[in-house]
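Asks: Under numbering that gives the first Met the number 0, think of the first position of the sequence shown as 0, with each following residue one higher.
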Amino acid sequence: MIRIIGTWKMCREGLAEAYAMLQQGASAGDAAVHAVTRVEDDPAFLSVGYGGLPDAEGRVLLDAGYMDGDSLRLGGVMSAEGIRNPVRAARLLCGRETDCLLAGRGAERFALENGLEMRDMRTPRCMDRWRQAVAEKAARRSAYTGHDTVCVLALDQGGHMVSATSTSGLFMKAPGRVGDTPLPGSGYYCDSRYGAAAATGLGEDIMRGCLSYETVSLMKRGASPLDACREALSSFTASKRGLGEDAGSISLIALSPDGAFGAATTLPVFPFSVDGALYAADPEGGVRPAADAEIEGVD
Ligand code: GLY
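Dropping the structure here:
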């Protein structure tokens with residue numbers, strides 16, 4: 000069995016290519032990193048990689064994470080500037096005994112020393128958007144549009160699973176702000192025995208629930224990926240409501256070792272891709288194949 004799933008419409012083309020790679024015997028890691036780098040390299044996607052959303056000072060500071068489900072090893076970079084493909088740095092860091100999560104200059108130096116390509120990640124388009132926000136004194140929460148992180152979960156022919164994530168984080172974030180995306184358990188988790196999960200949405204919420212670990216933990220206790228996503232999300236949003244807070248913007252995806260998949264969301268519609276085909280989740284717990292036209296405007 001092979002399978003590869005990813006968040007949002009933006010990763011669909013890369014996932015279709017990655018699925019073909021898996022069919023030809025590629026590893027889950029190679030396939031997942033291929034799908035994520037396709038999004039990182041495309042300036043059309045404003046919330047990931049090249050042309051990502053700038054912070055309050057107009058710098059594009061990127062976060063990425065990677066976890067290997069056989070070894071439970073992980074890597075991540077955060078608040079890193081000028082690394083063309085942060086997910087590649089995260090993957091290289093995965094496997095280290097120590098120092099596997101690196102921030103800022105440490106992450107940048109690691110990428111340079113390991114031969115990763117460096118580039119100015121700003122584009123005229125993302126900087127126009129930043130200048131406009133500065134001019135309008137936009138509050139960062141009101142500038143958040145709900146679709147941000149590319150998350151990919153892959154299962155290869157050998158039963159090996161990985162999770163990989165990448166984002167520029169919140170638009171107009173405070174310099175140095177880190178969200179859930181590079182943090183294991185929050186933005187991603189993977190255990191090849193039980194499954195993989197990843198999250199997209201407001202990192203400050205996702206971290207409070209450790210939602211990716213929670214989802215895999217539910218699968219470990221026997222839940223299907225769909226039920227695990229639904230249960231992890233609904234129990235967290237119930238906790239928030241108990242605190243007098245609204246549900247916020249959170250979506251989850253999960254994949255089990257037998258190739259079954261699931262998703263859950265608080266959004267009116269959450270597009271995701273399975274082997275390159277488009278699906279949509281809704282806040283009532285539904286998951287179904289979707290047509291492009293239904294989710295126009297939601298990357
Ligand atoms: N989920 C991405 C972030 O909050 O940075």
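Cβ atoms here follow ideal geometry from the backbone N, Cα and C, with glycine treated the same way.
Which same chain residues end up closer than 6 Å to residue 187 when comparing Cβ atoms and leaving out the 5 residues on each side of it in sequence?
Replies: Excluding residues within five positions, the ones whose Cβ falls inside 6 Å are 64, 66, 162, 164, 197 and 211.
Asks: Can you have a look at residue 113 and say buried or exposed, based on whether 16 or more other CB atoms are within 10 angstroms of its CB?
Replies: So residue 113 ends up on the exposed side.
Asks: Buried or exposed for residue 104, going by 16 or more other Cβ atoms inside 10 Å?
Replies: Under this definition residue 104 is an exposed residue.
Asks: Comparing the CB of residue 64 with every heavy atom of the ligand GLY, is any distance shorter than 6 Å?
Replies: Every heavy atom of the ligand GLY is 6 Å or more from the Cβ of residue 64, so no.
Asks: Buried or exposed, going by whether 16 or more other CB atoms sit within 10 Å of the CB of residue 117?
Replies: Label assigned to residue 117: exposed.
Asks: Closest by CA to residue 119, which one among 89, 78, 159 and 50?
Replies: Answer by Cα proximity: 50.
Asks: How do the region 223-232 and the region 240-259 stand: do at least 3 beta-carbon pairs fall below 8 Å, yes or no?
Replies: Touching, per the Cβ criterion.
Asks: Take residue 261 and list the residues in its own chain whose beta-carbon comes closer than 6 Å to its own, dropping the five residues that flank it on each side.
Replies: Around residue 261: 224, 225, 228 and 253.
Asks: In whole angstroms, give me the CA-to-CA distance for residue 189 and residue 222.
Replies: Approximately 15 Å between the Cα atoms of the pair.
Asks: Is any non-hydrogen atom of the ligand GLY found closer than 6 Å to the C-beta of residue 301, if you look at the structure I gave you?
Replies: Since the first residue shown for the chain is 0 and the last is 298, residue 301 is missing from the structure and cannot be characterised.
Asks: To the nearest angstrom, how far is the alpha carbon of residue 201 from that of residue 55?
Replies: If you take the alpha carbons of residue 201 and residue 55, they lie about 17 Å apart.
Asks: Could you tell me the alpha carbon to alpha carbon distance between residue 1 and residue 53, rounded to whole angstroms?
Replies: The alpha-carbon atoms of residue 1 and residue 53 are separated by roughly 36 Å.
Asks: Give every residue of the same chain whose Cβ lies closer than 7 Å to the Cβ of residue 294, excluding the five residues on either side of it in the sequence, and list them in chain order.
Replies: So the list reads 8, 268, 270 and 279, once near-sequence residues are dropped.
Asks: If you measure between the beta carbons of residue 88 and residue 115, is that distance less than 7 Å?
Replies: It is a contact, given that the beta carbons lie within the stated cut-off.
Asks: Ordered along the chain, which non-local residues of its own chain (more than five positions away) have a Cβ less than 8 Å from that of residue 259?
Replies: 223, 224 and 225, listed in sequence order.
Asks: Does the beta-carbon of residue 241 have 16 or more other beta-carbons within 10 angstroms, so that it is buried, or is it exposed?
Replies: Residue 241 should be labelled exposed.
Asks: In whole angstroms, give me the CA-to-CA distance for residue 32 and residue 13.
Replies: C-alpha separation (whole angstroms): 10 Å.
Asks: Would you call the region 69-89 in contact with the region 175-186, where contact means no fewer than 3 C-beta pairs closer than 8 Å?
Replies: Touching, yes, given that three or more Cβ pairs across the two stretches are closer than 8 Å.
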